[in-house]
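Please read the structure below before turning to the comments.
Number of protein chains: 2
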Amino acid sequence: MAAGTQPVAGKARLEDVARLARVSRSTASRAITGAPGVSEEARAAVERAARQLNYRPNRAARSLVTRRTDLIGLVIPEPTSRLFGDPHFPRLIRGVNEELAGKDLQLVLFTPQSEQDERRLEGHLGSGQIVDGALFVSLHGADPLPARLAAQGVPVVVSGRPLGAVEITYVDVDNQRGAAVAARHLLAAGRRVVATIAGPRDMVAGQDRRAGYRQAMSDAGLLDRTLEEAGDFTRESGYAAMRALLARRPDLDAVFAASDQMALGAMRALREAGRRVPEDVAVVGFDDSPAAAAAEPPLSSVRWPLDEMAREMTRLLLRAIEDRSLPPRGVLLATRLVPRASSGA
Amino acid sequence: MAAGTQPVAGKARLEDVARLARVSRSTASRAITGAPGVSEEARAAVERAARQLNYRPNRAARSLVTRRTDLIGLVIPEPTSRLFGDPHFPRLIRGVNEELAGKDLQLVLFTPQSEQDERRLEGHLGSGQIVDGALFVSLHGADPLPARLAAQGVPVVVSGRPLGAVEITYVDVDNQRGAAVAARHLLAAGRRVVATIAGPRDMVAGQDRRAGYRQAMSDAGLLDRTLEEAGDFTRESGYAAMRALLARRPDLDAVFAASDQMALGAMRALREAGRRVPEDVAVVGFDDSPAAAAAEPPLSSVRWPLDEMAREMTRLLLRAIEDRSLPPRGVLLATRLVPRASSGA
DNA sequence: TTGAAAGCGATACCAC
DNA sequence: GTGGTATCGCTTTCAA
C-alpha cells in the first residue's frame, strides 16, 4: 500500500492499525473488540491509530470467524399496502428498537411480497449469514417460513401462537383470558343473554377468544350456541353477524365482539335495529384500537400491550441467539379491560 | 425427499460439495456461481451434490472475497408513525422490488428513528460490508447521512433533489414544470387572478413548485406577489393560507396549491366564504393523491409517477454499484395534469 | 476444462 | 499482556 497517511475511505485494515500503534494484530483486535487483557497503554495507542486511519472492521471477515452478523431481522410478510396502513407496525418497530437500544445490533426489515420473495428470503436468512436471528410478525399464522428457518437452526421468535404443533418460540396475547374477562364484565353488569361475534375459526386469535367467551358463559351456566356468530374481524362482517344474531335471538342484551372493528359494525346494526347502546344492548370489543375510544358511544374494549409484545419478542430472540440450545417457549401477555360507555361504564 | 444422508443444517461447505461431486473446490465454485468454463457433466454433478447436502454458500466468506453482499438498503429516516401512515411508501417499495425481481438481490429496510440510530446506521452501512448500496427516501432533504455515505464510497441514490450543492445521485419529480403546467391550465381556462398556496421555503419541492407557478404567471404578464401565500403542505395550513388570500385579494378567481392537502383545506375555506368551486374560484392541487379524486368537487391535480421514481432510483443504484466510477447525476421525471371538476373540467 | 494454492480480513488459541 | 499463527469458507489467478 501507499506510504501516505491519507485515510483512504474503507481501506485501512486491522493490520494497518496494528502497525501504526506498534502492536501486534492480536492486541489490536482485542483492543478494538474490547476484549480483556490489554494494557491501558496499548488500548489507547490502538484507538488513536484506528481513529487516525478511519478504521472500520470488515464485517464479512469478522462474521466469517465469529459466525455473527450483529443484525436482527424483522420479517413482516404482508402486502405493503396493508403493512403501511396498519397502525400496529410503527409501535411494534418502536418497541423492538427500544429493546435494541445500546446493544449495537442493527434492525433490518424484510417485507416479502410473494411466494418468490419468501423463497429468496429463506435462502438468504437460512444461510445464517445475514441476520443472527429473526422476528416474525405473521398476521396469518400459516406462514411456513419461520418454522423452516427454525429447523435450519436460525433463532426465530414469532408473534401470535402458531397454528399446529410447531416447535417455535412465540409471544402472544392471552386472548382466552381477555375474552373471558370481557364476557364476565358483561355478566357482572347484569346482562344475561350475552352473544358473541367470534373471529375466524382458522385463526388462533379467533379460536382463543371464542374459547374464553365460552368458558365465562359456561361458568355462569349460560352457554348457548345460538348466541354465537362468526366474522372475519372486519367491520362489515361484524355488521352482518349482528343482524344474524338479532334475527335469531332478539332477546339478547349484550354482545362481545372479538375485534373492535366487528364491534363497530355491530353497533351500526344495533342502531339500525333501533336498539340503544348500552341501554338495550351492551357491547364490548377487543384490541382497544383508537377507533374504540372515538366511537359513539365510546366502545369498551380489551387492550393488549403491543409495545410489551415487541419488547418481549426481542428479549426472547436475543436470549436465543446467546444460547442456541434454549428450548422453544411460548409467552402469553396479560390483557386489560378498558370499560367505556358502550357497556354502561 | 426420503431417507438417506442427513444434511445437517448449514453444515455443508463448498469443500464437501466438491468431494461428493468428485471435482475440485474450484470447479465446484464455478458451477455454483454459474461461471463459464465448466463441463456440463461437472456442473450437473455439483448441482446434485449441493442439493443433496442442502448446501448454502457462506455469504460472509463470499463477501470477503467478492466485496459484495447482494443486499440493497432502503433507508427511510422517518418517524415510524409517519412512515406507516403515508400511502406512498408501499408503492415505493413495490417499485423497488419490481426492479429487483429476478436479480437475486435482497432488499432490506432501515428506519432510523433518532440521531443515535443514524450514527449507528452510518457505521454499519459505511463499512460497505452490509449493503452494496442504498436508496434514501428523505422527505426532509436535510439529512446528512446520504452525503456522508457517498463520501465513503458507498453507492447512494436519494429521492428528491437535495438542498445545497451535494454531489449525489438523485431522482425527483419535475416540480417546476408540473407547477407551471397547473398554472397555465388555470390561465387557459380564462382565469386571470390566479393565486398560489406554496410549500415551505426550506423544502426543495416547495421552492420548485413556487418557481414553476411564477414562471407561468410571469410569462402571462400576471405575476403578482400579493397572490402568494405559503403553507407547510398540510390541510390546516392550506385552510389558513386561503383565508389570508381571500382577505387580501377578494378578486381572485383561481388558486394553485402545491399539495392536494393544502388544496382541500383551501376548498373548505372557499366554501365557508361562500365561493363556489369551480364557478367562482378554480382549484388545482399537486400529488394526485386518492383524496383528490374523492373530493367534492373532484380536485384537479398534478400527478407524478411514484412507481417510476422507485424504479429509476433502483436502476441508477444498480448501475452505480456495477461501475463505481460513474459520476453523480440528477434525473427529473415528468408530471401529468389530471383535470377534474374543481378547475371546470 | 480442471485443480492447486494464494489470498480476502478478521478472531482466537497457544506459547511466551 | 503480548505476539505468532491457524482458521473461518469462499473466489480467483495461474499452470497444467
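Note that the protein sequences, when read in sequence, are chains Y and C. The first sequence lines up with residues 398 to 742 when you count with the numbering used here. The second sequence lines up with residues 398 to 742 when you count with the numbering used here. In this text, a Cβ means the ideal position worked out from N, Cα and C, and glycines have one as well. From a predicted model like this one, the values you see are computed outputs, not experimental measurements.
Asked	Found
Beta-carbon proximity check, Leu-619 of chain Y vs Val-591 of chain Y, cutoff 8 Å	yes
For Gly-557 of chain C and Arg-598 of chain Y, the rounded distance between their alpha carbons	47 Å
Complete runs of the alpha helix (DSSP H) confined to the region 571 to 613 of chain Y [at least 4 residues]	572 to 585
Assigned secondary structure, Arg-733 of chain C (DSSP; H/G/I helix, E/B strand, else coil)	strand
Proximity to Gln-758 of chain Y [Cα-Cα], best of C:Gly-550, C:Gly-603, C:Arg-517, C:Lys-408	Nothing can be reported for residue 758 of chain Y, as the shown portion of chain Y is limited to 398 through 742.
8 Å contact criterion, which Ser-740 of chain C and Pro-675 of chain C should meet: CB distance rounded	6 Å
Segments assigned alpha helix (DSSP H), at least 4 residues, entirely inside the region 402 to 472 of chain Y	411 to 418, 422 to 430, 437 to 450, 456 to 463
Anticipated Cβ contact below 8 Å, Gly-609 of chain Y with Gln-573 of chain Y, distance rounded	4 Å
Any C-beta of chain Y under 8 Å from that of Leu-480 of chain C	yes
Between the CA atoms of Gln-549 of chain Y and Thr-593 of chain Y - distance to the nearest angstrom	41 Å
Top-ranked residue by Cα proximity to Glu-693 of chain C, from C:Arg-673, C:Gln-503, C:Ala-579	C:Arg-673
Segments assigned beta strand (DSSP E), at least 3 residues, entirely inside the region 505 to 535 of chain C	530 to 534
Beta carbon proximity, Leu-506 of chain C to chain Y, threshold 8 Å	yes
Counterpart residues of Tyr-567 of chain C in DSSP-defined beta bridges	C:Val-555, C:Gly-727
Within chain Y, partners of Ile-429 of chain C - CB distance below 8 Å	Within 8 Å Cβ-Cβ: nothing; Ile-429 of chain C doesn't reach chain Y, min ~13 Å.
Inter-stretch contact (C-beta, 8 Å, three-pair minimum) for the region 700 to 707 of chain Y and the region 725 to 732 of chain Y	yes
Ala-458 of chain Y: contacting residues in chain C (beta-carbon distance under 7 Å)	Leu-461
CA-to-CA distance, Gly-499 of chain Y to Gln-403 of chain Y, given in whole angstroms	Its pLDDT being 45, under 50, Gln-403 of chain Y is placed unreliably in this model, and the coordinates cannot settle the point.
7 Å Cβ cut-off: residues of chain Y touching Gly-523 of chain C	Arg-453
Within-8 Å CB hit, Arg-517 of chain C to chain Y	yes
Expected contact under 8 Å - CB spacing of Val-735 of chain C and His-582 of chain C to nearest Å	Wrong, their Cβ atoms sit about 10 Å apart, outside the cutoff.
Cutoff 8 Å: Thr-477 of chain Y Cβ touching any chain C Cβ	yes
Chain C contact for Pro-725 of chain Y (CB, 8 Å cutoff)	no
Contact under 8 Å by Cβ, Thr-508 of chain C with Leu-506 of chain Y	yes
From C:Gln-503, C:Tyr-567, C:Tyr-452, C:Thr-463, residue whose alpha carbon lies closest to that of Asn-455 of chain Y	C:Thr-463
Residue-chain proximity (Gln-449 of chain C, chain Y), Cβ-Cβ < 8 Å	no
Per-residue DSSP class, three states only, for Glu-475 of chain Y	coil
Nonlocal neighbours in the same chain, by C-beta distance under 7 Å from Glu-669 of chain Y, ignoring five residues either side	none
Leu-450 of chain C burial status per 10 Å Cβ neighbour count (16 or more: buried)	buried
Chain-ordered residues of the region 650 to 665 of chain Y with a beta carbon less than 7 Å from chain C	none
Distance, Arg-606 of chain Y Cα to Leu-661 of chain Y Cα	17 Å
Residue of C:Phe-630, C:Gln-658, C:Arg-488, C:Arg-622 minimising C-alpha distance to Arg-645 of chain C	C:Arg-622
Inter-residue Cα distance where the pair is Val-528 of chain Y and Val-568 of chain Y	20 Å
Closest residue to Ser-478 of chain C among Y:Phe-486, Y:Ile-473, Y:Thr-477, Y:Pro-474 (Cα-Cα distance)	Y:Phe-486
Beta-carbon separation (whole angstroms), Ala-425 of chain Y vs Val-443 of chain Y, contact threshold 8 Å	5 Å
Residue closest to Val-414 of chain Y, alpha-carbon to alpha-carbon, out of Y:Ala-441, Y:Ser-722, Y:Leu-532	Y:Ala-441
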